[in-house]
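Colleague: Its first residue numbered -6, the sequence shown is counted upward by one per residue in our numbering. Glycine included, C-beta positions come from ideal geometry on N, C-alpha and C. Keep in mind the model is a prediction, meaning the values are calculated, not measured. Take a look at the following structure, please.
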Amino acid sequence: MIRKEDIRIPIIVLVAGLISLVVFHSWFSSFIGEDDWKGPTPVPETLNNVYVWPKGLDYLGNPKKESIDPFRQKVIEDYKKYMEKRRTKYKDWKLKNR
-6 MIRKEDIRIP IIVLVAGLIS LVVFHSWFSS FIGEDDWKGP TPVPETLNNV
44 YVWPKGLDYL GNPKKESIDP FRQKVIEDYK KYMEKRRTKY KDWKLKNR
């Protein structure tokens, strides 16, 4: 069983933490004026797109290979065939269920 004395300290710490959070939030937010909030967000002149890599390099910075090993090439071709079959079945189903 939990006694009142055991739970009193965590409640005091929680209340003190909430009060300090409110005080610090109001203190820090007072540094920003209303005009700063109303103004538009500045847009940088150049946007750095982290998803664009130099040509010939993969996302880790390693040079891309010119050829793929036969097993992976077969997997890619099989996947393309499977997706084409799936696409045609969907088109047929869509035409049938209009």
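1. Could you compute how far the alpha carbon of A9 sits from the alpha carbon of I25?
2. Quick check on L11: does DSSP put it in helix, strand or coil?
3. Within this structure, are the beta carbons of G49 and K58 separated by less than 8 angstroms?
4. Name the two residues that bound the continuous alpha helix (DSSP H) containing Y44.
5. Mapping the DSSP letters down to three states, classify P56 as helix, strand or coil.
6. Give me the Cα-Cα distance between N41 and P47, rounded to the nearest whole angstrom.
Modeller: According to the structure data:
1. 25 angstroms
2. helix
3. no
4. Where Y44 is concerned, there is no enclosing alpha helix (DSSP H), given that its DSSP letter is neither H nor E.
5. strand
6. 13 angstroms
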